[in-house]
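A.B. asks: Number 35 in the working numbering belongs to position 34 of the sequence shown; there are no gaps in the numbering.
Sharing a structure below in structure tokens format, with a few things to ask.
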Amino acid sequence: MSTKPTTTDLEWTELDQRAVDTGRVLAADAVQKVGNGHPGTAMSLSPAAYTLFQKVMRHDPADADWTGRDRFVLSAGHSSLTLYIQLYLAGYGLELDDLKAFRTWGSKTPGHPEYGHTTGVETTTGPLGQGVANAVGMAMAARYERGLFDPEAAPGTSPFDHFVFAIAGDGCLQEGISAEASSMAGHQKLGNLVLLWDDNHISIEGDTETAVSEDTLKRYEAYGWHVQRVAPKENGDLDPQALFEAIEAAKAETERPSFIAMRSIIAWPAPHAQNTEAAHGSALGDDEVAATKRVLGFDPEKTFEVADEVLAHTRAVLDRGREARGEWEKSFAAWRTANPQRAAEFDRVNAGELPEGWEEKLPVFESGKGVATRAASGKVLQALGAVIPELWGGSADLAGSNNTTIDKNSSFLPEGNPLPEADPYGRTIHFGIREHSMAAEMNGIALHGNTRIYGGTFLVFSDYMRNAVRLSALMHLPVTYVWTHDSIGLGEDGPTHQPVEHLASLRAIPGLNVVRPADANETAIAWREILKRYTKVFGKGAPHGLVLTRQGVPTYEPNEGAAKGGYVLFEADGGDAQVVLIGTGSEVQLAVEAREALQAEGVPTRVVSMPSVEWFEEQDQAYKDSVLPPSVKARVAVEAGIGLTWHRYVGDAGRIVSLEHFGASADGKVLFREFGFTAENVAAAARDSLEFVAGLAAAAR
């Protein structure tokens, strides 16, 4: 088999082509073995993925987390074999047995790529379009990272310069999230981003003519992208030479993100399955797999056939990767020598550590004063922004309401933007009215590493973000969502903007910590705890949703118990507690007022503030019992939302003051009164619970 190049600009040999075709038959065999999966796209994309991993990207399979590496995102995550096969061929740790175990229990090759599960997978993809937004976030993070550590370097000369490559399919580009993210990328002029579109004209229901008719390239031109189309070979296969040239042109375009349309034929070169919707999500069948192998010159009787010389050829990327990383390390060492202070800062940030003395900058709020927790959060961010440079973020066009502007004089905007505060390395991100892509971009920023990201909007709009928030939790990413206007307390905007089911719904996401502080001091403690919980170790981190009020609420003395998720805010007077009142957020004040009424009646009453159910559940049983004594059966939970969260805490004898319907348009104080969120109603619920407990005791006698 010849190893001489067959093209002039790209070193492409017969052995390279054999490796590409090997990838095709491996995809067909893997799906055929398990009986389900998506073979067609992996077969047709094999030349593109191979070109990226073997000819284009700067990466080292022996060090998958190398800071200077290019990133690759497979947004079309259903075609996970496209990625797994390249990870196997390049030597990332996957072996042939892993491909044979595709989609089976305990394998390293699950149905969709999962971050933290398979080495070399940069993000969990599957819900279409999420990967496009992740890639945009990574490209944003790369620019901000450069601004932190090497802002003066000429373009392309910094050790922090690298590219983000992504492959998306028709489904990705139909999902609205990709339009949001692509608009943002064009606006930000992310010249380090290259998106390859698998334009195969096929979706599950058949030809994409069933649902799509716009000119996608013109759409991306309108977004401000550099756009190219790569024609296939005469036989319909992707052309590596044309693709390589397009990628090199994309890399040379530093002022705009690049979009490359690749016209492909799904399942090429399967004789009967190619260009059919069946090849998208079904095994080809034994006969068709055998026929495909004959077309490609493979033995139809063999499965998972990989020639030794093919694997030796592709694993040579280990040597090239080691060499590339060695060159990068020289430039990195030179940068360290020239920038000792920045190097020390890089080491701190890269280790996930915070600056010495940062906690001393946290504000402490005077008790008794009424402060909206969103306002308190804004003061915390402004105080910490001065000492934690890696902390950055913004809002989905609601910064004035969310109080998320960390620096009003520094906006993350590209060169050429006319606003006076525009700075390509700015602190404040203007995500625009794009909540869904904002959340997914934040995931990409967190995945990229070396920064700490937050983003804000109204709590009711978390519905727009939910899929990306779920993926934050699935990937254990240290993303902070700032959700303000947390209840009917926002008032006159009415039921469309008043969250009711959202707190319970978000608490239902495994791994998402929802934090709803009662006052300004709990807000400061919550921010402190969120930042301390940041970790780069997969499986130990978690996203947080910080849920904040629009309206002012009373400020209490700081209590470290807030960091444990639940604590005794006010203890019972006159004996052991007979009833426990549990509140969160703005409703804690109602529990405090109700306690005063009950105490006046001679009922010893404890008030528990529970800003985070998830943090509270992390505590040992002894602590939880100390806050909620099992012997005290009379309990009331009060929260201005549906009561699903609280049944396990109040038990059969307890009562819940909740909102089981939508709100209305009126002043927030009026709504609280009309819907029963009053101290009097909480006290009445406590009396009812006490009566019920007394009745149970009498019956037991």
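The C-beta atom is built at its ideal place from N, Cα and C for all residues, glycine as well.
#1: Within the chosen definition, does the stretch 121 to 136 reach the stretch 23 to 41 through at least 3 CB pairs nearer than 8 Å?
#2: May I ask you to verify whether the stretch 477 to 493 touches the stretch 544 to 564, counting CB pairs closer than 8 Å and requiring at least 3?
#3: By the three-class DSSP mapping on this structure, what secondary structure does Thr-308 have?
#4: What residue ranges within the stretch 111 to 183 form continuous alpha helix (DSSP H) runs of no fewer than 4 residues, ordered along the chain?
#5: Pair every Cβ in the stretch 599 to 617 with every Cβ in the stretch 574 to 590, then say whether three or more of these pairs are closer than 8 Å.
#6: For the alpha helix (DSSP H) containing Tyr-557, name the first residue and the last one.
#7: Tell me Ile-454's beta-bridge partners as DSSP assigns them.
#8: Give, in chain order, every unbroken run of the alpha helix (DSSP H) that is at least 4 residues long and sits entirely within the stretch 463 to 543.
#9: Check whether the stretch 46 to 57 and the stretch 73 to 87 touch, using three or more Cβ-Cβ pairs below 8 Å as the test.
#10: Check the C-beta distance from Ala-250 over to Gln-229 and give it rounded, since I have them as a contact under 8 Å.
#11: Based on the DSSP secondary-structure assignment, which residues constitute the bridge partners of Tyr-568?
#12: Specify the secondary structure class of Ala-638 as computed by DSSP and reduced to three states.
#13: Taking His-281 as the reference, which of Gly-172, Ala-698, Val-350 has the closest Cα?
#14: Nearest CA to the CA of Val-290: which residue from Val-26, Ile-178, Asp-626, Leu-382?
#15: Does the Cβ-Cβ distance between Ala-638 and Ile-657 come in under 8 Å?
#16: With distances taken Cα to Cα, identify the nearest neighbour of Ile-168 among Ser-378, Leu-75, Ala-623, Arg-688.
#17: How do the stretch 237 to 251 and the stretch 200 to 207 stand: do at least 3 beta-carbon pairs fall below 8 Å, yes or no?
#18: Lys-634: buried (16+ other C-beta within 10 angstroms of its C-beta) or exposed?
#19: Answer yes or no: do Pro-518 and Pro-612 have a C-beta to C-beta separation smaller than 8 Å?
#20: What are the residues that DSSP puts in a beta bridge with Phe-73?
#21: Would Ser-438 and Met-185 qualify as a contact pair, given that the criterion is a beta-carbon distance under 8 Å?
#22: Have a look at Pro-544 and Tyr-455 and give me their C-alpha separation to the nearest angstrom.
#23: Determine the direct distance from the alpha carbon of Lys-331 to that of Gly-369, and round the result to whole angstroms.
#24: Per DSSP, which one or two residues make a beta bridge with Asp-200?
#25: Which of helix, strand or coil does DSSP assign to Leu-16?
#26: Applying the criterion that 16 or more other CB atoms from any shown protein chain within 10 Å of the CB defines a buried residue, is Val-470 buried or exposed?
#27: Would you kindly work out how many angstroms separate the C-alpha atoms of Gly-371 and Leu-513, rounded to a whole number?
#28: I'd like to know whether the C-beta atoms of Gly-395 and Thr-429 end up nearer to each other than 8 Å.
#29: DSSP beta-bridge partners for Val-39?
#30: According to DSSP, which residues form a beta bridge with Arg-656?
#31: So the candidates are Glu-594, Gly-41, Phe-673; which of them puts its Cα closest to the Cα of Ala-687?
#32: Opposite Val-231 in the DSSP bridges: which residues?
#33: From the DSSP output, which residues share a beta bridge with Leu-194?
#34: Name the residue from Lys-409, Ala-441, Trp-336 whose alpha carbon lies nearest to the alpha carbon of Ala-423.
#35: If Trp-616 sits next to Lys-537, beta carbons under 8 Å apart, how far is it from one beta carbon to the other, in whole angstroms?
#36: Measuring alpha carbon to alpha carbon, tell me which of Glu-256, Glu-416, Gly-127, Ile-266 ends up nearest Glu-235.
C.D. replies: This is what the structure gives:
#1: no
#2: yes
#3: Translated into the one-based positions of the sequence shown, residue 308 becomes position 307. The identity of residue 308 in the sequence shown is Ala, whereas the question assumes Thr. Of the three classes helix, strand and coil, the one that applies to Ala-308 here is coil, per DSSP.
#4: 131 to 150, 171 to 175
#5: yes
#6: Residue numbering aside, residue 557 sits at position 556 when the sequence shown is read from its first letter. Segment: none, Tyr-557 is in no alpha helix (DSSP H) and carries neither H nor E.
#7: Mapped onto the sequence shown, residue 454 falls at position 453. Per DSSP, Trp-393.
#8: 463 to 475, 503 to 508, 521 to 533
#9: yes
#10: For the purposes of this step, residue 250 is taken as the residue at position 249 of the sequence shown. For the purposes of this step, residue 229 is taken as the residue at position 228 of the sequence shown. Their Cβ separation, rounded to whole angstroms, is 7 Å, which keeps Ala-250 and Gln-229 in contact under 8 Å.
#11: As a position in the sequence shown, residue 568 is number 567, starting the count at 1. Bridge partners of Tyr-568: Ser-610.
#12: Working through the sequence shown from its first residue, we reach residue 638 at position 637. Three-state result, Ala-638: strand.
#13: Within the sequence shown, residue 281 is the residue found at index 280, counting from 1. Per the Cα distances, Gly-172.
#14: Locating residue 290 in the sequence shown gives position 289, counting from the first residue. The residue with the shortest Cα to Cα distance from Val-290 is Val-26.
#15: On the sequence shown, residue 638 is found 637 positions in, with the first residue counted as 1. On the sequence shown, residue 657 is found 656 positions in, with the first residue counted as 1. Yes, they are a contact pair.
#16: Residue numbering aside, residue 168 sits at position 167 when the sequence shown is read from its first letter. Ranking Ser-378, Leu-75, Ala-623, Arg-688 by Cα distance to Ile-168 puts Leu-75 first.
#17: no
#18: Taking the first residue of the sequence shown as 1, we reach residue 634 at position 633. That one is buried.
#19: One-based indexing of the sequence shown puts residue 518 at position 517. One-based indexing of the sequence shown puts residue 612 at position 611. Yes, the pair counts as a contact, with Cβ atoms nearer than the cut-off.
#20: Here residue 73 refers to the residue found at position 72 of the sequence shown. The partner list for Phe-73 (beta bridge, DSSP) reads Phe-166.
#21: Position 437 of the sequence shown holds residue 438. Position 184 of the sequence shown holds residue 185. In this structure, Met-185 lies closer than 8 Å to Ser-438 by Cβ.
#22: Translated into the one-based positions of the sequence shown, residue 544 becomes position 543. Translated into the one-based positions of the sequence shown, residue 455 becomes position 454. So the alpha carbons of these two residues sit roughly 10 Å apart.
#23: Looking up residue 369 in the sequence shown gives position 368. Looking up residue 331 in the sequence shown gives position 330. If I take the Cα positions, the gap works out to 58 Å.
#24: Taking the first residue of the sequence shown as 1, we reach residue 200 at position 199. DSSP output for Asp-200 lists Arg-264 as bridge partner(s).
#25: As a working mapping, residue 16 is identified with position 15 in the sequence shown. DSSP places Leu-16 in helix when its eight states are reduced to three.
#26: Residue 470 sits at position 469 when you count from the first residue of the sequence shown. By the 10 Å Cβ count, Val-470 comes out buried.
#27: Along the sequence shown, one-based indexing puts residue 371 at 370. Along the sequence shown, one-based indexing puts residue 513 at 512. Their Cα atoms are separated by approximately 29 Å.
#28: Along the sequence shown, one-based indexing puts residue 395 at 394. Along the sequence shown, one-based indexing puts residue 429 at 428. Result yes, Cβ atoms of Gly-395 and Thr-429 sit closer than 8 Å.
#29: The residue given as residue 39 occupies position 38 in the sequence shown. Reading the sequence as shown, one finds His at residue 39 and not Val. Its beta-bridge partners do not exist; DSSP assigns none.
#30: The count along the sequence shown starts at 1 and reaches residue 656 at position 655. BP columns for Arg-656 point to Val-637.
#31: On the sequence shown, position 686 is the one that residue 687 refers to. Minimum Cα distance to Ala-687 is reached at Glu-594.
#32: By 1-based counting over the sequence shown, the position of residue 231 is 230. Answer is Met-263, bridged to Val-231.
#33: Within the sequence shown, numbered from 1, the residue matching residue 194 stands at position 193. BP columns for Leu-194 point to Val-165.
#34: To locate residue 423, count along the sequence shown from 1; it is residue 422. The shortest C-alpha separation from Ala-423 is found at Lys-409.
#35: Counting from one through the sequence shown, the residue named residue 616 turns up at place 615. Counting from one through the sequence shown, the residue named residue 537 turns up at place 536. Actually they do not touch by this definition, with Cβ atoms about 20 Å apart.
#36: Reading the sequence shown from its first residue, position 234 is the one you call residue 235. Answer by Cα proximity: Ile-266.
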